[in-house]
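Working notes, beginning with the structure itself.
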Amino acid sequence: MRGPGKQFADHPEVAATVAKQTAIDKLYGDSAMPNPLFLLRSGPNEATIEADGRELVNFGAYNYLGLANHPRVVAGAKAALDRYGASASASRIIAGEIPLYRELEARLAQIYGVGDAMITTSGYLTNAGVLGFLVREGDVAVCDALIHGSVISGTQWSGCRRITFRHNDPESLRSVLRMSRAGFDRALVVLEGHYSMDGTVGRVDEMAAIAREYDCAVMVDEAHSFGVFGDRGHGIREHYRLPADAVDLWMGTLSKALGSCGGFLAGDADLIGAMKASAPGIAMLTGGPAPAAAGAALAALDVLAEEPERLTRLWANAKQFGALLAERELDRGLSEGTPICPVIVPGEVRSGFVASYLLQRGIYAGNISAPAVPAGQERLRFFLTSEHTDEQLVRAADLLAEAVGHSRQLPDPTLAA
């Protein structure tokens with residue numbers, strides 16, 4: 000109950016989350032099955048992890064190329080830490096700038112063939128902040144129906160109108176723009192290169208061309224595609240062989256394939272320069288990225304260039320795991336055989352059971368439920384990496400099929416709801 004010092008005790012989101020977490024804790028406590036949420040590990044987040052005093056095969060990390068714990072990447076972070084300290088300790092405008100930032104940004108701009116780039120402290124805030132800065136009331140953001148929640152937050156921040164079109168459907172985008180474009184000043188079409196909940200590949204080439212027909216700017220979120228797609232891991236632009244000006248803003252993260260932390264934007268030099276100086280949340284009034292994050296990302300780009308076999312292994316593992324799940328007739332939803340492989344297990348109780356069953360047997364995979372995905376579309380999400388072995392993939396597929404079979408016998412009140 001709300002009382003002195005408890006102004007948010009009856010806040011709908013707070014109360015609902017507390018109630019849900021209490022129910023989850025009770026469910027696992029009553030069943031004596033392990034709780035896969037907030038799993039405490041004691042080492043790097045790689046293909047195998049140490050947790051609860053035992054080794055687990057890990058499918059919960061987007062450390063796609065194994066770079067987060069690569070010796071050269073760790074050394075790059077340490078060198079930056081030794082030279083510049085643990086924090087920038089200021090905004091970049093006021094005493095926070097260091098040469099590593101500019102070096103990394105030049106590398107990213109060169110990869111995309113654009114005028115400039117900027118790195119940020121957070122991938123989520125990068126999406127939210129750029130929309131908050133660039134669009135406003137009277138403008139529109141036209142978004143794929145499965146766009147990341149950070150983009151939705153950005154549209155709420157900006158006060159612009161948000162319109163969605165059917166996932167990965169060019170004709171749906173064309174229809175939306177035909178009906179609505181004339182009613183707004185600026186229009187920004189927002190896409191992803193690799194959709195993180197479903198493992199689908201964004202049809203960026205077709206969508207960008209349609210956006211241009213209706214005088215729209217285009218922004219692409221490459222959080223899960225940079226370092227994963229393209230012959231050299233340079234992302235969805237390289238995958239589709241797109242010209243540099245096909246997209247206005249490329250957004251990505253340092254936190255996934257590059258094994259570091261933070262976000263980035265690449266685009267027109269004047270646009271990036273304006274955001275470096277004036278965009279709240281990603282530059283103005285916020286501290287610069289940790290020097291170690293920039294040092295790690297620079298080293299990761301070097302490894303990406305010099306060890307292409309990591310990319311080859313990643314995609315071989317994705318292909319093999321997809322085939323193993325197909326043989327066992329498991330529901331992979333919309334997955335297109337990428338290194339993000341969802342397995343649909345409808346119902347919060349059933350999907351939670353499957354995650355716990357696997358954890359008991361030494362396999363860890365993330366359990367995703369509403370509101371991250373629609374109710375009835377609960378799933379386990381498997382991130383494949385270049386470091387998983389054939390034996391690990393086969394064992395995971397066998398245990399997963401076993402667990403899903405058992406889960407179908409369980410009553411699940413969340414399905415009835």
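For the record, in the sequence shown the residue sitting at position 64 is 63 according to numbering that gives the first Met the number 0, with numbers rising by one throughout.
For every residue, glycine included, the Cβ atom is placed at its ideal position computed from N, Cα and C.
Asked	Found
If you pair each beta-carbon of the segment 385-393 with each one of the segment 347-358, do three or more pairs fall below 8 angstroms?	no
Looking at Ile-367 and Met-206, is the spacing between their C-beta atoms short of 8 angstroms?	no
For the ligand NAD, is there a heavy atom less than 7 angstroms away from the beta-carbon of Ile-343?	Absence of the ligand NAD is noted for the structure shown, with no ligands found whatsoever.
If you follow the alpha helix (DSSP H) that Thr-16 is in, where does it begin and where does it stop?	11-30
Give me the Cβ distance between Glu-191 and Asp-143, rounded to the nearest whole Å; I'm assuming they're in contact under 8 angstroms.	7 angstroms
Looking at Ala-364 and Phe-352, is the spacing between their C-beta atoms short of 8 angstroms?	no
Reducing DSSP to helix, strand and coil, say where Met-352 ends up.	Strictly speaking, residue 352 in this sequence is Phe, with Met absent from that position. In the structure shown, Phe-352 sits in a helix (DSSP, three-state: H, G or I).
For Gly-266, tell me which candidate among Ser-179, Met-250, Ala-87 and Gly-280 has the shortest Cα-Cα distance.	Met-250
When you compare only the Cα positions, how much space is there between Ala-371 and Leu-176?	27 angstroms
Just the C-alpha distance for Gly-262 and Ala-87, rounded to the nearest angstrom, thanks.	16 angstroms
Using the Cβ count rule (16 or more neighbours within 10 Å means buried), how would you classify His-405?	exposed
Can you grab the Cα-Cα spacing for the pair Gly-201 / Asp-168, in whole Å?	10 angstroms
Looking only at its chain, what residues have a beta carbon closer than 6 angstroms to the beta carbon of Gly-137, apart from the 5 residues adjacent to it on each side?	Asp-184
If I measure Cβ to Cβ from Asn-68 and keep anything under 6 angstroms in the same chain, skipping five residues before and after, which residues do I get?	Pro-43 and Glu-45
Residues in its own chain within less than 7 angstroms of Ala-354 by CB, not counting five upstream and five downstream?	Pro-35, Ala-364, Asn-366 and Leu-379
How is His-223 classed by DSSP in three states: helix, strand or coil?	coil
Taking the continuous alpha helix (DSSP H) assigned at Ile-151, which residues delimit it?	148-157
In chain order, what residues of the same chain lie with their CB nearer than 8 angstroms to the CB of Ala-402, ignoring the 5 residues before and after it?	Phe-352, Val-353, Tyr-356 and Leu-357
So what does DSSP say about Asn-57, is it helix, strand or coil?	strand
In the DSSP output, which residue or residues are listed as bridge partners for Asp-143?	Phe-164
Checking the sheet assignment: what are the DSSP bridge partners for Glu-191?	Asp-220
Taking C-beta to C-beta, are Ala-116 and Ile-281 nearer than 8 angstroms?	no
Using a Cβ-Cβ cutoff of less than 6 angstroms, which residues in the same chain neighbour His-233 once the five nearest sequence positions on both sides are dropped?	Ile-110
Are the CB atoms of Leu-130 and Trp-156 within a distance shorter than 8 angstroms?	yes
Out of Glu-335, Ser-350 and Pro-3, which one is the CA nearest neighbour of Thr-199?	Glu-335
Under the assumption that Met-283 contacts Ser-90 (Cβ atoms under 8 angstroms), give the Cβ distance between them as a whole number of angstroms.	7 angstroms
Suppose contacts are defined by Cβ-Cβ distances below 8 angstroms. Is Ala-298 in contact with Gly-75 by that definition?	yes
Within the continuous alpha helix (DSSP H) that includes Met-250, where are the two ends?	From DSSP, Met-250 is part of no alpha helix (DSSP H) but of the beta strand (DSSP E) over 248-252.
Strictly by DSSP, which residues pair up with Gly-266?	Asp-115 and Leu-248
If contact is defined by three or more beta carbon pairs under 8 angstroms, each pair taking one atom from either stretch, is the segment 223-237 in contact with the segment 301-320?	yes
Cα separation between His-10 and Arg-160?	26 angstroms
Out of Leu-241, Glu-212 and Thr-413, point me to the one whose CA is closest to Val-203's CA.	Leu-241
With 16 as the cutoff for other CB atoms within 10 Å, does Ala-293 come out buried or exposed?	buried
Would you kindly check if the distance between the Cβ of Pro-341 and the Cβ of Ala-317 is under 8 angstroms?	no
Taking only three categories from DSSP, how would you classify Leu-36?	coil
Using DSSP with H/G/I as helix, E/B as strand and the rest coil, what is Glu-96?	coil
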